[in-house]
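In the working numbering, the protein residues as written are 2 to 203.
C-beta: ideal position from N, C-alpha, C; glycine also.
These numbers come from a predicted model, not from an experiment.
Read the structure below first, then the notes.
See the structure below:
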(Lines of atoms letter the chains of each structure in order from A and count residues from 1; the text may use other names and numbers.)
(Lines give C-alpha, C1' and ligand atoms only; values in the text may rest on other atoms or scores of the structure.)
Protein backbone atom coordinates (compact mmCIF):
# COMPACT_ATOMS: atom_id res chain seq x y z
CA UNK A 1 0.00 0.00 0.00
CA UNK A 2 2.72 2.45 0.97
CA UNK A 3 4.88 1.47 -1.98
CA UNK A 4 2.02 2.19 -4.37
CA UNK A 5 1.45 5.59 -2.79
CA UNK A 6 5.12 6.50 -3.06
CA UNK A 7 5.18 5.49 -6.74
CA UNK A 8 2.19 7.70 -7.53
CA UNK A 9 3.72 10.66 -5.69
CA UNK A 10 6.97 10.22 -7.60
CA UNK A 11 5.12 10.19 -10.94
CA UNK A 12 3.11 13.31 -10.07
CA UNK A 13 5.87 15.42 -8.59
CA UNK A 14 8.33 15.40 -11.53
CA UNK A 15 9.72 18.96 -11.72
CA UNK A 16 9.67 20.88 -14.99
CA UNK A 17 13.06 21.56 -16.48
CA UNK A 18 13.91 25.26 -16.26
CA UNK A 19 16.52 25.07 -19.00
CA UNK A 20 13.88 24.62 -21.74
CA UNK A 21 11.05 26.64 -20.21
CA UNK A 22 10.12 29.67 -22.30
CA UNK A 23 12.85 29.07 -24.90
CA UNK A 24 12.51 28.47 -28.63
CA UNK A 25 14.11 25.35 -30.04
CA UNK A 26 16.31 26.09 -33.05
CA UNK A 27 16.72 23.30 -35.57
CA UNK A 28 19.87 23.29 -37.64
CA UNK A 29 20.49 21.39 -40.85
CA UNK A 30 22.46 18.24 -40.31
CA UNK A 31 25.43 17.38 -42.57
CA UNK A 32 23.28 14.65 -44.09
CA UNK A 33 20.60 17.17 -45.13
CA UNK A 34 23.22 19.57 -46.52
CA UNK A 35 24.81 16.78 -48.54
CA UNK A 36 21.39 15.80 -49.89
CA UNK A 37 20.68 19.37 -50.98
CA UNK A 38 24.06 19.73 -52.68
CA UNK A 39 23.68 16.38 -54.38
CA UNK A 40 20.34 17.52 -55.78
CA UNK A 41 22.00 20.69 -57.10
CA UNK A 42 24.69 18.52 -58.69
CA UNK A 43 22.11 16.35 -60.44
CA UNK A 44 20.34 19.46 -61.74
CA UNK A 45 23.69 20.80 -62.95
CA UNK A 46 24.32 17.55 -64.86
CA UNK A 47 20.90 17.70 -66.53
CA UNK A 48 21.41 21.32 -67.55
CA UNK A 49 24.78 20.49 -69.07
CA UNK A 50 23.20 17.77 -71.21
CA UNK A 51 20.53 20.23 -72.37
CA UNK A 52 23.18 22.84 -73.20
CA UNK A 53 25.18 20.19 -75.08
CA UNK A 54 22.15 19.28 -77.19
CA UNK A 55 21.49 22.97 -77.99
CA UNK A 56 25.14 23.73 -78.83
CA UNK A 57 25.48 20.63 -81.01
CA UNK A 58 22.25 21.49 -82.82
CA UNK A 59 23.52 25.02 -83.48
CA UNK A 60 26.88 23.73 -84.73
CA UNK A 61 25.58 21.01 -87.03
CA UNK A 62 22.71 23.10 -88.39
CA UNK A 63 24.88 26.07 -89.25
CA UNK A 64 27.78 23.91 -90.45
CA UNK A 65 25.61 22.03 -92.94
CA UNK A 66 23.70 25.03 -94.28
CA UNK A 67 24.09 25.39 -98.03
CA UNK A 68 21.53 26.27 -100.68
CA UNK A 69 21.77 26.66 -104.45
CA UNK A 70 18.90 28.27 -106.33
CA UNK A 71 17.33 25.85 -108.82
CA UNK A 72 17.18 28.25 -111.76
CA UNK A 73 19.95 29.43 -114.09
CA UNK A 74 22.40 27.12 -115.81
CA UNK A 75 25.04 24.99 -114.18
CA UNK A 76 27.67 27.54 -115.19
CA UNK A 77 25.82 30.48 -113.64
CA UNK A 78 24.09 29.80 -110.33
CA UNK A 79 23.40 31.61 -107.11
CA UNK A 80 24.58 29.82 -104.00
CA UNK A 81 24.50 30.67 -100.30
CA UNK A 82 26.70 28.82 -97.82
CA UNK A 83 27.62 29.46 -94.21
CA UNK A 84 31.35 29.66 -95.02
CA UNK A 85 30.71 32.65 -97.30
CA UNK A 86 30.54 34.79 -94.16
CA UNK A 87 33.30 34.86 -91.50
CA UNK A 88 30.66 35.58 -88.85
CA UNK A 89 28.96 32.26 -89.49
CA UNK A 90 32.31 30.48 -89.48
CA UNK A 91 33.09 32.01 -86.09
CA UNK A 92 29.63 30.89 -84.96
CA UNK A 93 30.38 27.27 -85.91
CA UNK A 94 33.80 27.32 -84.22
CA UNK A 95 32.45 28.92 -81.03
CA UNK A 96 29.55 26.51 -80.64
CA UNK A 97 31.82 23.60 -81.52
CA UNK A 98 34.18 24.61 -78.71
CA UNK A 99 31.21 24.97 -76.37
CA UNK A 100 30.02 21.48 -77.29
CA UNK A 101 33.45 19.98 -76.67
CA UNK A 102 33.72 21.76 -73.33
CA UNK A 103 30.31 20.50 -72.24
CA UNK A 104 31.29 16.92 -73.07
CA UNK A 105 34.49 17.27 -71.03
CA UNK A 106 32.63 18.91 -68.14
CA UNK A 107 30.18 16.03 -67.68
CA UNK A 108 32.64 13.83 -65.70
CA UNK A 109 33.41 16.77 -63.40
CA UNK A 110 29.69 17.29 -62.89
CA UNK A 111 29.34 13.61 -61.96
CA UNK A 112 32.16 14.00 -59.41
CA UNK A 113 30.20 16.93 -57.98
CA UNK A 114 27.24 14.59 -57.48
CA UNK A 115 29.31 11.85 -55.85
CA UNK A 116 31.27 14.32 -53.69
CA UNK A 117 28.84 17.19 -53.02
CA UNK A 118 31.26 19.00 -50.68
CA UNK A 119 34.05 19.29 -53.29
CA UNK A 120 34.25 23.07 -53.69
CA UNK A 121 37.28 23.04 -56.00
CA UNK A 122 35.43 21.33 -58.84
CA UNK A 123 32.48 23.71 -58.56
CA UNK A 124 34.82 26.70 -58.63
CA UNK A 125 36.59 25.39 -61.73
CA UNK A 126 33.30 24.81 -63.54
CA UNK A 127 32.07 28.25 -62.46
CA UNK A 128 35.10 29.97 -64.02
CA UNK A 129 34.94 27.98 -67.27
CA UNK A 130 31.16 28.38 -67.55
CA UNK A 131 31.58 32.15 -67.23
CA UNK A 132 34.09 32.15 -70.09
CA UNK A 133 31.74 30.08 -72.26
CA UNK A 134 28.85 32.45 -71.51
CA UNK A 135 30.78 35.30 -73.12
CA UNK A 136 31.97 33.09 -75.99
CA UNK A 137 28.59 31.67 -77.00
CA UNK A 138 26.76 34.96 -76.46
CA UNK A 139 29.21 36.82 -78.72
CA UNK A 140 28.87 34.20 -81.46
CA UNK A 141 25.07 34.12 -81.27
CA UNK A 142 24.76 37.91 -81.22
CA UNK A 143 27.07 38.37 -84.22
CA UNK A 144 25.24 35.71 -86.21
CA UNK A 145 21.87 37.22 -85.23
CA UNK A 146 22.92 40.55 -86.74
CA UNK A 147 23.73 38.86 -90.07
CA UNK A 148 20.46 36.92 -90.00
CA UNK A 149 18.56 40.15 -89.40
CA UNK A 150 20.20 41.72 -92.46
CA UNK A 151 19.44 38.61 -94.50
CA UNK A 152 15.76 38.90 -93.59
CA UNK A 153 15.32 42.68 -93.80
CA UNK A 154 18.33 44.08 -95.63
CA UNK A 155 19.62 47.64 -95.25
CA UNK A 156 18.94 50.18 -97.97
CA UNK A 157 21.46 52.67 -96.57
CA UNK A 158 24.36 50.28 -97.14
CA UNK A 159 22.87 48.49 -100.17
CA UNK A 160 22.42 45.21 -98.24
CA UNK A 161 19.72 43.26 -100.05
CA UNK A 162 17.32 40.96 -98.23
CA UNK A 163 18.09 37.50 -99.58
CA UNK A 164 15.63 35.42 -97.55
CA UNK A 165 12.90 35.73 -100.16
CA UNK A 166 15.13 33.74 -102.51
CA UNK A 167 17.20 31.63 -100.09
CA UNK A 168 14.34 30.55 -97.83
CA UNK A 169 15.84 27.24 -96.67
CA UNK A 170 19.19 28.89 -95.96
CA UNK A 171 17.59 31.59 -93.80
CA UNK A 172 15.40 29.14 -91.91
CA UNK A 173 18.35 26.94 -91.01
CA UNK A 174 20.65 29.77 -89.91
CA UNK A 175 17.83 31.32 -87.89
CA UNK A 176 17.22 28.02 -86.12
CA UNK A 177 20.93 27.67 -85.41
CA UNK A 178 21.05 31.15 -83.85
CA UNK A 179 18.06 30.35 -81.63
CA UNK A 180 19.70 27.11 -80.47
CA UNK A 181 22.91 29.00 -79.68
CA UNK A 182 21.02 31.56 -77.59
CA UNK A 183 19.37 28.70 -75.69
CA UNK A 184 22.82 27.23 -74.95
CA UNK A 185 24.04 30.66 -73.77
CA UNK A 186 21.01 31.04 -71.48
CA UNK A 187 21.68 27.61 -69.95
CA UNK A 188 25.31 28.61 -69.39
CA UNK A 189 24.12 31.70 -67.50
CA UNK A 190 21.88 29.53 -65.33
CA UNK A 191 24.78 27.14 -64.68
CA UNK A 192 26.91 30.07 -63.49
CA UNK A 193 24.18 31.19 -61.08
CA UNK A 194 23.64 27.63 -59.86
CA UNK A 195 27.35 27.09 -59.21
CA UNK A 196 27.60 30.43 -57.38
CA UNK A 197 24.68 29.51 -55.12
CA UNK A 198 26.19 26.07 -54.41
CA UNK A 199 29.54 27.66 -53.48
CA UNK A 200 27.77 30.22 -51.30
CA UNK A 201 26.20 27.42 -49.25
CA UNK A 202 29.59 25.83 -48.45
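Query: Is the Cβ of residue 87 closer than 9 Å to any Cβ of chain C?; Result: Absent from the structure: chain C. Only one protein chain is present.
Query: Could you tell me the alpha carbon to alpha carbon distance between residue 50 and residue 191, rounded to whole angstroms?; Result: 10 Å
Query: Report the CB separation of residue 135 from residue 123 in whole angstroms; it is logged as a contact under 8 Å.; Result: Not a contact, Cβ separation roughly 18 Å.
Query: Since I believe residue 60 is in contact with residue 168 (beta carbons under 8 Å), could you give me their beta-carbon distance rounded to a whole number of angstroms?; Result: About 19 Å; that fails the 8 Å criterion.
Query: Note down, in chain order, each residue of its chain lying with its Cβ closer than 7 Å to the Cβ of residue 171, except the 5 sequence neighbours on either side.; Result: 67, 69 and 82
Query: How far does the beta strand (DSSP E) with residue 157 in it extend, from its first residue to its last?; Result: That residue, residue 157, is in no beta strand (DSSP E); it is neither H nor E in DSSP.
Query: Count the other C-beta atoms from every protein chain shown that fall within 10 angstroms of the C-beta of residue 106, then say buried if there are 16 or more, exposed otherwise.; Result: exposed
Query: At which residues does the beta strand (DSSP E) containing residue 82 begin and terminate?; Result: 81-83
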